[in-house]
Every structure is written in structure tokens, then in C-alpha cells.
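For the sequence shown, this note's numbering gives the first residue as 45, with consecutive numbering after it.
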Amino acid sequence: MAFLSDEYFNKFKDYIHQKSGIFFDNVNRSILESRLRERMRQKEMADAGEYYNLVLTNQKETETLLDSVTTNLTKFFRNEKQFSALREFVIPDVIERNKKSGKRTVKIWSAGCSTGEEPYSIAMDVLAQAPSGWTLNILSSDISLKSLMKAKTGYYPKERCEGIPKDFLTKYMEEEKEGYKVKPDLINSIRFDYHNLKHDNGERDFDIIFCRNVIIYFDKAEQERIVGHFYKCLKNPGYLFLGHSESLFGMQTLFKPEKIGESILYKKSEG
């Protein structure tokens, strides 16, 4: 038996869609129900209607609910094939292009950065290749304030750091009790910021955008709007990384798919 009646499943999914753009259908209904069940357990509530009324009348609880349904487990250098494409082709290409234009900066957006493993992984790869004197500017955004606060600390238990190459672990992390903390120079290259992809944050001129395993939570119309916004936010040319299970196939978009190594990336056209 479903945890929620159809009535309250529809009420919650419509409210979440209105506030965040995130769309739950019957395919991922179980995800929404499991997150709601856990939050209601924390609030010691058994009635979905009672909790729904709380969400409607309490902004803080709305934020907590959105946090709970959008937080996903991630890890350092997740999808190694994409990071190989980043370090072997994309970073060298961006550095060469920016060098020719006289700009000694690499600007990247990690959209939906969760607890920070993705932007820190990107930063390690870029700093390992960037010429001396260059600036790395990474915007890392998420709708989950809890995840952003975790990311800002730069601290991760040892088991969460298993994907970090040993030379990077030595160069960019400091060992602490039962874990590692990102060194200040790396943390200072990243700006963590709350942002809802429903809205324009005003940022532009990115060389690279990572938005992996995020747009799958939006309906097609919202996906196309977000992807169109990413296109405007990128330099020409620029690169978009999506999750391995995500694709722009069938969308109205100006992005061109490009096979780089063993990964498919999306490139803003030079035309």
C-alpha cells in the first residue's frame, strides 16, 4: 500500500513543483514518499494532511522539505570517464582559448553541487593544469542549504575520500581525525551559493557548466528552459556536462553533442 493517498501525493508533488520546478511522477513517487516518511518521522507526525498544512504555513519547513527531496549522495570524481574528458581535453582547450584572448581565468559552474565533492574534484583537476598566476573561479550552487553548509566545511570522512588520487589527496587535503579537510587554497577557489534553477542568478561567461543528475528531476518543459539558460550562461564555445543517464536527445536546444574520449559532452556552437 502506498504511503500517501493519491490526493496527498498530488498535493505534495504540485507544491514542490511550484516552489522548485522539481517534478515527481508515478515513476519516482517512491522517492518522494520515502523522503516524506522520514521527515514526518522526525516531526513525530503520522498524518500526511497535518504535515501538508505545516508545510503550507511554515516557510522554514518548506525549505527543509525541499532540502530533503533534493539531497543526493555523491562522491569525489564520480564518473571517471567524464573527468578524464575534462582533464585530457576540456581543460587544455579552455586554457589555450583563454590564453589567446588574454584572460588568465577559468570560470566554472557546478549546478546542483550537493555536499561539494563535485566542485572540489573539478578544482583539483583544473589547478593541476592551470599555468602559474591563473585564477580559478568556481560557482557551486544548490537548493539544499544543509548540503551547502556541509560543502563549505570542506571536511569529509575517510571513506568518502576513496576516489581521490593519492597525489591530489596529499596536495589538496589535510588529514584530520577520521577524515580529510580541503586545504584553504582550494576552498578559496570555490564560491558556494544557494540557488534554485527555476530562477536566473545573473551569472554569465562560464567556460564549463556541470549539472549532473539534476535535470532528471524536472519535467521536459522545465528541462528545456534550464538547458536554454545554461546555453546563455556559457562562453562561445563552452562545455556542458550532464549525468551519464541524462541526454538532450529530443529537446529543442542549440547545444551540439560531442564525443570526447568515452563521454558525450554538450558544446555551445562556435557559429
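Here a beta-carbon is modelled for each residue, glycine too, at the ideal position from N, C-alpha and C.
Rounded Cβ spacing between residue i and residue j (contact assumed at less than 8 angstroms)
i, j, result
"Phe-236", "Lys-210", "Rounded, the Cβ-Cβ distance is 26 angstroms, inconsistent with contact."
"Leu-213", "Tyr-224", "7 angstroms"
"Lys-92", "Cys-255", "Looking at the sequence itself, residue 92 is Ala, so the reference to Lys does not match. Not confirmed; about 32 angstroms, so no contact."
"Lys-190", "Ser-64", "15 angstroms between Cβ atoms; not a contact."
"Ala-129", "Leu-309", "6 angstroms"
"Phe-53", "Arg-73", "6 angstroms"
"Gln-296", "Glu-266", "Rounded, the Cβ-Cβ distance is 13 angstroms, inconsistent with contact."
Inter-residue Cα distance where the pair is residue i and residue j
i, j, result
"Glu-124", "Leu-286", "13 angstroms"
"Gly-305", "Tyr-164", "22 angstroms"
"Ile-75", "Leu-48", "12 angstroms"
"Lys-300", "Lys-312", "7 angstroms"
"Ile-253", "Asp-186", "14 angstroms"
"Asp-111", "Lys-144", "42 angstroms"
"Asp-137", "Tyr-216", "24 angstroms"
"Gly-272", "Arg-131", "26 angstroms"
"Gly-146", "Ala-174", "14 angstroms"
"Asn-70", "Glu-290", "19 angstroms"
"Tyr-95", "Thr-114", "18 angstroms"
"Lys-276", "His-61", "24 angstroms"
"Tyr-261", "Ile-270", "12 angstroms"
"Pro-281", "Glu-218", "36 angstroms"
"Val-99", "Met-84", "11 angstroms"
"Phe-274", "Trp-153", "10 angstroms"
"Ile-231", "Cys-205", "16 angstroms"
"Asn-257", "Phe-121", "14 angstroms"
"Gly-294", "Ser-188", "29 angstroms"
"Ile-139", "Asp-249", "14 angstroms"
"Glu-220", "Thr-179", "28 angstroms"
Beta carbon of residue i nearer than 8 angstroms to that of residue j
i, j, result
"Ser-233", "Ala-172", "no"
"Ile-135", "Val-170", "yes"
"Tyr-238", "Leu-192", "yes"
"Glu-88", "Leu-183", "no"
"Arg-148", "Gly-177", "yes"
"Gln-86", "Ser-307", "no"
"Asp-58", "Val-150", "no"
"Glu-162", "Thr-101", "no"
"Phe-67", "Asp-263", "yes"
"Lys-202", "Glu-222", "yes"
"Asn-116", "Ser-158", "yes"
Range of the contiguous beta strand (DSSP E) that encloses residue i
i, result
"Glu-306", "Glu-306 -> no beta strand (DSSP E), and no H or E assigned at all."
"Ile-23", "Only positions 45 to 315 of the chain appear in this structure, which leaves residue 23 out of reach."
"Ala-195", "Where Ala-195 is concerned, there is no enclosing beta strand (DSSP E), although the alpha helix (DSSP H) it sits in stretches over 189-197."
"Thr-159", "Note, Thr-159: premise wrong, no beta strand (DSSP E); not H, not E."
"Lys-225", "223-226"
"Arg-235", "234-238"
"Leu-241", "Here Leu-241 belongs to no beta strand (DSSP E), and DSSP marks it neither H nor E."
"Asp-186", "179-186"
Limits of the unbroken alpha helix (DSSP H) element including residue i
i, result
"Asp-211", "210-216"
request  = Go through the stretch 274-299 residue by residue and report every complete run of the beta strand (DSSP E) that reaches 3 residues or more, in order.
outcome  = Those beta strand (DSSP E) runs which fall completely within the stretch 274-299 and span 3+ residues are 278-286.
ask   = Which runs of the alpha helix (DSSP H), 4 residues or longer, sit entirely within the stretch 48-135?
value = Counting whole runs of 4 or more residues, the stretch 48-135 contains the alpha helix (DSSP H) stretches 50-64, 73-86, 92-101, 103-114, 124-129.
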